[in-house]
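I have placed the structure first, in the form of structure tokens, so that the comments after it can refer back to it.
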Amino acid sequence: TQLLEQSPQFLSIQEGENLTVYCNSSSVFSSLQWYRQEPGEGPVLLVTVVTGGEVKKLKRLTFQFGDARKDSSLHITAAQPGDTGLYLCAGVGSSNTGKLIFGQGTTLQVKP
Amino acid sequence: GAGVSQSPRYKVAKRGQDVALRCDPISGHVSLFWYQQALGQGPEFLTYFQNEAQLDKSGLPSDRFFAERPEGSVSTLKIQRTQQEDSAVYLCASSLVNVYNEQFFGPGTRLTVL
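Printed below as a string of structure tokens:
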């Protein structure tokens, strides 16, 4: 069974601080995605990483895929209150049906 | 519409009642997924359709859960004889069939079983 462990589960920081969220597995994933979800809404895709060692930047967000494609990280620089939400990593399972295996999520609160 | 829509957005059911949750995917999207999300947790896969064919139903928790997509577009998730542990948000997602399987999610239906 493929599992994704996400940490930390909760993070409460002040505006302007930096943070990193980790997503780890013992399994290899063909690709890994990061989503952000706000209360009452569905997850919204932020980025997809495909190649081991890949780094992608989206404004103040930096995403990295591990060399062995088993882990990933999300780094936010100078967090803002608008970054508040639930961050989810998701891997495409080995069955190749396209189903996503999600981590438990990281609830981020950025206080002004 | 431009995105995935789901109805109803909220559903309260008494234990033992049957419920039906609807998903309208993005037009032209071949793949459709259902996920169940407990409060503050990540979504868990329930079932997957490619057009009208249900190719994977390994995540359905019991035979009380049934999903269909008869014409390859709209999908319905039905839960029979609801129980309190069925309370959750049910998310629908659709995608084009592509290598990266990028999925677009609807807002979900929050089901509360009393």
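Chains as they are written, first to last, in the working numbering: chain A, 1 to 112; chain B, 113 to 226. Note that the Cβ used here is the ideal one computed from N, Cα and C, for glycine as well.
If residue i and residue j are in contact, beta carbons under 8 Å, what's the gap, nearest whole angstrom?
i	j	result
S31 (chain A)	V50 (chain A)	5 Å
Q162 (chain B)	P155 (chain B)	Contact flag wrong, Cβ pair sits at about 19 Å.
Q109 (chain A)	T84 (chain A)	5 Å
Drop a sphere of 10 angstroms on the beta-carbon of residue i, count the other beta-carbons inside from all chains shown, and report buried for 16 or more, exposed for fewer.
i	result
K99 (chain A)	buried
L151 (chain B)	exposed
F10 (chain A)	exposed
A78 (chain A)	exposed
Using only the alpha-carbon positions, how far apart do residue i and residue j sit?
i	j	result
W200 (chain B)	R222 (chain B)	In the sequence under discussion, the amino acid at residue 200 (chain B) is Ala, which differs from the Trp named in the question. Straight-line Cα distance between these residues: approximately 6 Å.
S187 (chain B)	L158 (chain B)	13 Å
F63 (chain A)	V47 (chain A)	8 Å
S113 (chain A)	E5 (chain A)	Here chain A has residues from 1 to 112 only, and residue 113 (chain A) is not among them.
K111 (chain A)	R176 (chain B)	43 Å
E197 (chain B)	G128 (chain B)	12 Å
G53 (chain A)	F29 (chain A)	13 Å
K56 (chain A)	D67 (chain A)	14 Å
Report task. Within the segment 147-224 of chain B, note down every full beta strand (DSSP E) run reaching 3 residues or more, in order along the chain. Result -> Counting whole runs of 3 or more residues, the segment 147-224 of chain B contains the beta strand (DSSP E) stretches 156-162, 165-168, 177-180, 187-191, 200-207.
Query raised in the report: Listed from N- to C-terminal order along the chain, which residues in the segment 172-194 of chain B have their beta-carbon within a distance smaller than 9 Å of any beta-carbon of chain A?
Result: Against chain A - using a Cβ distance shorter than 9 Å - the segment 172-194 of chain B contributes no residues.
Query - chain B contacts from the segment 69-91 of chain A (Cβ-Cβ distance under 8 Å) - result: Within the segment 69-91 of chain A, the residues whose Cβ lies closer than 8 Å to some Cβ of chain B are L86, L88, A90, listed in chain order.
Report task. May I ask you to list, following chain order, the residues of the segment 197-220 of chain B that have a beta carbon less than 7 Å from some beta carbon of chain A? Result -> Contacts with chain A (Cβ-Cβ distance below 7 Å) from the segment 197-220 of chain B involve L203, S207, Y212, N213, E214, Q215, F217, G218, P219, G220, listed in chain order.
Requested in this report: Report the residues of the segment 41-57 of chain A with a CB closer than 9 Å to any CB of chain B, ordered along the chain.
Outcome: Of all residues in the segment 41-57 of chain A, only E41, G42, P43, V44, L45, T48, V50 place a beta-carbon less than 9 Å from a beta-carbon of chain B.
Query raised in the report: Mind listing which residues of the segment 129-147 of chain B have their C-beta closer than 7 Å to chain A's C-betas, in chain order?
Result: Within the segment 129-147 of chain B, the qualifying residues are S143, F145.
Requested in this report: Quick one: which unbroken beta strand (DSSP E) runs of 3-plus residues sit fully inside the segment 61-95 of chain A? Chain order, please.
Outcome: The segment 61-95 of chain A contains these whole beta strand (DSSP E) runs: 61-65, 71-76, 85-92.
Report task. Give, in chain order, every residue of the segment 149-161 of chain B whose Cβ lies closer than 8 Å to some Cβ of chain A. Result -> The segment 149-161 of chain B vs chain A, Cβ under 8 Å: G152, Q153, G154, P155, E156, F157, Y160.
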